[in-house]
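Here is the structure we will look at, set down as structure tokens.
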Amino acid sequence: MPSISSIIYDADSYDIAVSVSKDLGIKENNMVEMIRTAWADGEFKMRFSKAVESGDTILIMRLYPNVNDNIVKLMFALKKLNDMGKRTKVVIPYLAYARQDKEFLQGEVASVYVLGDMLAHYGVEELIVMDVHNQAIGDKLGVKLRNVSAIGSLAGELKASASAENTLVISPDEGSIERSKAFAEAIGAKYTFLEKHRDRITGDITTDNKEIDAGGKEAVIFDDMIATGGTIINAAKIAKANGASKVIAVCTHALLLNSAAEKLKSAGIDDIIATNSIRNGFAKVDISHLIADALRPGS
Ligand code: R5P
124 MPSISSIIYD ADSYDIAVSV SKDLGIKENN MVEMIRTAWA DGEFKMRFSK AVESGDTILI
184 MRLYPNVNDN IVKLMFALKK LNDMGKRTKV VIPYLAYARQ DKEFLQGEVA SVYVLGDMLA
244 HYGVEELIVM DVHNQAIGDK LGVKLRNVSA IGSLAGELKA SASAENTLVI SPDEGSIERS
304 KAFAEAIGAK YTFLEKHRDR ITGDITTDNK EIDAGGKEAV IFDDMIATGG TIINAAKIAK
364 ANGASKVIAV CTHALLLNSA AEKLKSAGID DIIATNSIRN GFAKVDISHL IADALRPGS
């Protein structure tokens, strides 16, 4: 992608878009908002706030919250950009539907590939995401996937307050072992993992009990995301039962659904550290510069 002329953004992602624009030297005048209006029956209309200059475009959009509405808005924008002959890279920091990457129950749809199909259909050049749930989806997504990691930045944030010798990083399930290991290495601490099971019908999760070396230590539970908080709470209980003096939850995407933040606090979790892929009071790490680096021509 030789020259980026415009950044297309959704109002809810203006903070990231403006920071990326500054890093890449794109003038504010070349930032174009996707404006959505709705008819009384709920149907949407989408228009760009101004003319999109000639050249390549980057579209930046948080899909969460209002994921399904935002997907419609995204597709409208991509259709328009494709019709204009634009080469577009799409940045979706938290890739919604990424967890539904297979047919877990017979007859289910692997939803993330539907999203991939739609992006491919509109000729998207590359999809840039942060710490995607399962990087293996890239093989079948139909659109080039670039996964940017916030692990180093999250580690930098934690390092400011924790001592490595007194910290144990815990992966709350087998799926997060590799990222927890990388995080532990980045802060110079030891790590362990737990085994979690999810009931695919009720969604309930259980975590196997395990003896871990957390006595008197700060336990850092590291995951790609916190949704309802159940995974982290189970891990925190095990850390505390093994003598952890403090428990901190660190993740890239803190969705914190259904009062999860309060539930984590009641479960004795002392702090939550997350990125601003999702906007809330726990977004302590800004991902904008990581995204800008990934978009720099030649990167
Ligand atoms: C799935 O395995 C993910 O890595 C997270 O562990 C999960 O999405 C967290 O969900 P919840 O907070 O609802 O337990």
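Residue numbers (our numbering): 124 to 422. Glycine included, each C-beta is placed from N, C-alpha and C at the ideal position. Remember, it's a predicted structure, so these values are computed and weren't measured experimentally.
Measuring straight from C-alpha to C-alpha, what distance separates A243 and R210? 12 Å
Let's test the definition: count the other Cβ atoms within 10 Å of the Cβ of T160 and tell me whether it reaches 16, buried, or not, exposed. exposed
Just verifying my parser: in three-state terms, what is the DSSP assignment at N205? helix
Cβ-heavy atom distance between T398 and ligand 1 below 6 Å? No, ligand 1 has no heavy atom inside 6 Å of this Cβ.
Contact between the region 352–361 and the region 370–384 (3+ Cβ pairs under 8 Å): yes
Taking only heavy atoms of ligand 1 into account, decide whether any of them is closer than 6 Å to the Cβ of M348. Checking the Cβ of M348 against ligand 1 gives yes.
What are the uninterrupted segments assigned as alpha helix (DSSP H) that are 4 or more residues long and contained completely in the region 294–376, given in chain order? 300–310 and 353–364
Mind pulling the beta strand (DSSP E) runs of 3 or more residues that sit fully within the region 233–293? Runs found: 249–253 and 268–271.
At a threshold of 6 Å, does T329 count as lining ligand 1 (C-beta to nearest heavy atom)? No.
Output the distance between the C-alpha atoms of P125 and D179, rounded to the nearest integer angstrom. Per-residue confidence for P125 stands at a pLDDT of 49, beneath the threshold of 50, marking its modelled position as unreliable; the derived number appears in the next sentence. Distance between the alpha carbons of P125 and D179: 8 Å.
Quick check: is any heavy atom of ligand 1 less than 6 Å from the C-beta of T351? yes
Are three or more beta carbon pairs between the region 182–189 and the region 131–139 nearer than 8 Å? yes
For P125, which three-state DSSP category applies? Interpretation of P125 is limited by its pLDDT of 49, a score under 50 that renders its predicted location unreliable; no figure is taken from the coordinates.
What do you reckon, is the C-beta of T354 under 6 Å from a heavy atom of ligand 1? yes
Following the continuous beta strand (DSSP E) through L395, name the residue where it begins and the one where it ends. Per the sequence shown, the amino acid found at residue 395 is Ile instead of Leu. Here the beta strand (DSSP E) through I395 covers D394 to T398.
Could you name the residues of the same chain whose beta carbon sits closer than 8 Å to that of Q223, not counting the 5 residues immediately before and after it, in chain order? E231, V232, A233, S234 and V235
Got a sec: does ligand 1 put a non-hydrogen atom nearer than 6 Å to the Cβ of G298? yes
Quick one, which of S303, S422 and I414 has its alpha-carbon nearest V373's? S303
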